[in-house]
Amino acid sequence: MKNTLQEFTTLDFYQNKSRIKWLIFICSVVISFGSIYYTNNLVEELKEREKRQIELLARALEYASIYTDNLTFINQEIIQQNNSIPLIIMDEYGNPGEFKNIKFAKKATEEDKLNVLKAELQKMKEEYEPIQMENGSFIFYRNSVLLTSLRYYPYVQLAVIIVFGILAYAVFNQSKIAEQNQVWAGLTKETAHQLGTPIASLMAWIDYLKNSPVWEENKEVIQEMDKDVVKLRMVTERFSSIGSKPVIVSENVFTVVDDAITYLRPRISSKVEMTVNGYARDIEAMINKPLFEWVIENICKNAVDAMKGQGIISIDIVKESEQYVIVDITDNGKGMEKSMYRKVFNPGFSTRKRGWGLGLTLAKRIIEGYHQGKVFVKSSEVGKGTTFRIVLNGVKEQMNEKAKEDFFSF
Numbered sequence: 001m002k003n004t005l006q007e008f009t010t011l012d013f014y015q016n017k018s019r020i021k022w023l024i025f026i027c028s029v030v031i032s033f034g035s036i037y038y039t040n041n042l043v044e045e046l047k048e049r050e051k052r053q054i055e056l057l058a059r060a061l062e063y064a065s066i067y068t069d070n071l072t073f074i075n076q077e078i079i080q081q082n083n084s085i086p087l088i089i090m091d092e093y094g095n096p097g098e099f100k101n102i103k104f105a106k107k108a109t110e111e112d113k114l115n116v117l118k119a120e121l122q123k124m125k126e127e128y129e130p131i132q133m134e135n136g137s138f139i140f141y142r143n144s145v146l147l148t149s150l151r152y153y154p155y156v157q158l159a160v161i162i163v164f165g166i167l168a169y170a171v172f173n174q175s176k177i178a179e180q181n182q183v184w185a186g187l188t189k190e191t192a193h194q195l196g197t198p199i200a201s202l203m204a205w206i207d208y209l210k211n212s213p214v215w216e217e218n219k220e221v222i223q224e225m226d227k228d229v230v231k232l233r234m235v236t237e238r239f240s241s242i243g244s245k246p247v248i249v250s251e252n253v254f255t256v257v258d259d260a261i262t263y264l265r266p267r268i269s270s271k272v273e274m275t276v277n278g279y280a281r282d283i284e285a286m287i288n289k290p291l292f293e294w295v296i297e298n299i300c301k302n303a304v305d306a307m308k309g310q311g312i313i314s315i316d317i318v319k320e321s322e323q324y325v326i327v328d329i330t331d332n333g334k335g336m337e338k339s340m341y342r343k344v345f346n347p348g349f350s351t352r353k354r355g356w357g358l359g360l361t362l363a364k365r366i367i368e369g370y371h372q373g374k375v376f377v378k379s380s381e382v383g384k385g386t387t388f389r390i391v392l393n394g395v396k397e398q399m400n401e402k403a404k405e406d407f408f409s410f
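In this text, residue positions in the sequence shown follow the UniProt record's numbering: the first is 1, and each later residue adds one.
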């Protein structure tokens, strides 16, 4: 019960992986906008505070020009306390007078300082309306360095987090893929090793039956058993090839496909008609025969399931140039929406109640990982059927990247 629950949870995670990603993305967006909103509110409060400080300073200067009793207190507690807000006091004639918190170069001349004050004055005019004093003077000011930094801080912070998140995701994703590949290869090799002993034993028993008195009476049954054992041995070879670099050689594609279909026909529903159409039966491509037959079987079994055990599967083999060989597998099953074209190759994706949903994933891995080719859904229409396209490298030339891009841009 525990194992069943664990398997269900794992499959459910894989099947809803896209939703989980979107959920994480939405949560990240909400947190980001929440941070920006909070920081902007804080910035607005600080802006109001600095504005009140400048207004207080203006009132203090006005007071100081009239009353002289408390000049020391005003100077120390109000005027000198402003050590962050840049400001310039202009007289009624528009000439700059006093200024504070304006930085100049160490060796700046009076002319240089005047230019800096003009530039600062222009910035201040763009940010805030000046505060007018009773004597006709104006106080121009702008945000302090702290307030300016705080305004842009959340955006800088988010940019750093996004970059870090992308890098971390890429590193962990690659690490996870590498780990999964190692586990995958280890499991398949161990499976092949474990199957080796019983298969060898079955082959010995079949040889015994061929030489026994029951051979004549059960000839057809023993021959079919022999085919199944040979198939099991081939499956073992396939599993042994996973994780290792398979031998890719020139093979007759029509012959390889036809052999796979010949074995598959008596082992699927008799209501499924399967045909192989090779417009030229001498077409060759660079493939590994046991692995490529596995791809054909997986796609065809997927088609049989889509047709619910009744329909037509047509396989067309075409070589349009020396660069690539095309194998189209078409069924008249239930078809699919265009949004599902890529999802069908995801691990765990399956429309059946039973099964692990790894058949098409294996097919994609074998074709793209080992054969340097391409497998994808060429076309599909709900209620009418689906066509899977396999693109293999030709014998004389490897497909160049430009040709692949042009061909795969369907």
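Glycine included, each C-beta is placed from N, C-alpha and C at the ideal position.
- Taking C-beta atoms as the reference points, residue 335 and residue 275 fail to come closer than 8 Å.
- By the criterion of at least three beta-carbon pairs nearer than 8 Å, the region 279-287 is not in contact with the region 217-233.
- Judged by DSSP in its simplified three-state form, residue 199 adopts helix.
- In this structure, DSSP gives residue 138 an extended state, which the three-state scheme calls strand.
- The alpha carbon of residue 193 has as its nearest neighbour, out of 154, 304 and 240, the alpha carbon of 240.
- For residue 319, the CB contacts under 6 Å within the same chain, skipping 5 residues up- and downstream, are 283 and 325 in chain order.
- Residue 345: not part of any alpha helix (DSSP H); DSSP gives it neither H nor E.
- Taking C-beta separations shorter than 7 Å and ignoring five residues to either side along the sequence, the partners of residue 117 in its chain run 88, 96, 99 and 102, following chain order.
- C-alpha of residue 390 to C-alpha of residue 219: approximately 38 Å in a straight line.
- Distance from residue 302 to residue 360 at the Cβ level is roughly 6 Å; contact confirmed, criterion being Cβ atoms closer than 8 Å.
- For the 8 Å CB-CB criterion, residue 216 and residue 264 do not form a contact.
- In the DSSP assignment, residue 296 falls within the unbroken alpha helix (DSSP H) covering 289-306.
- When only Cα atoms are considered, residue 310 and residue 366 end up about 28 Å apart.
- Judged by their CB atoms, residue 141 and residue 152 are not nearer to each other than the 8 Å cut-off.
- Bounds of any alpha helix (DSSP H) do not take in residue 277; it lies within the beta strand (DSSP E) bounded by 272-278.
- The Cβ neighbour count for residue 394, taken over all protein chains shown within 10 Å, is at least 16; the residue is labelled buried.
- Residue 121 is classed as buried because its beta carbon has at least 16 other beta carbons within 10 Å across all chains shown.
- Going by C-alpha positions, residue 230 is about 9 Å away from residue 199.
- DSSP places residue 87 inside the beta strand (DSSP E), whose first and last residues are 87-90.
- Assignment of residue 252 by DSSP, reduced to helix, strand and coil, places it in the strand class.
- In the structure shown, the three-state DSSP call for residue 394 is strand.
- Cβ-Cβ distances below 8 Å link residue 111 to nothing in the same chain once the five nearest sequence neighbours on each side are left out.
- Here the alpha carbons of residue 32 and residue 165 stand approximately 13 Å from one another.
- The residue among 237, 291 and 234 with its C-alpha nearest the C-alpha of residue 251 is 291.
- DSSP places residue 327 inside the beta strand (DSSP E), whose first and last residues are 324-331.
- Under the 10 Å beta carbon count, residue 23 is surrounded by fewer than 16 other beta carbons and is classified as exposed.
- Around the C-beta of residue 91, fewer than 16 other C-beta atoms lie within 10 Å, and the residue is accordingly described as exposed.
- DSSP places residue 97 inside the beta strand (DSSP E), whose first and last residues are 96-100.
- Our two residues, residue 322 and residue 364, have alpha carbons roughly 23 Å apart in a direct line.
- Of the residues assessed, residue 373 falls on the buried side of the cut-off, its CB having 16 or more other CB atoms within 10 angstroms.
- Between residue 327 and residue 287, the C-beta spacing is not below 8 Å.
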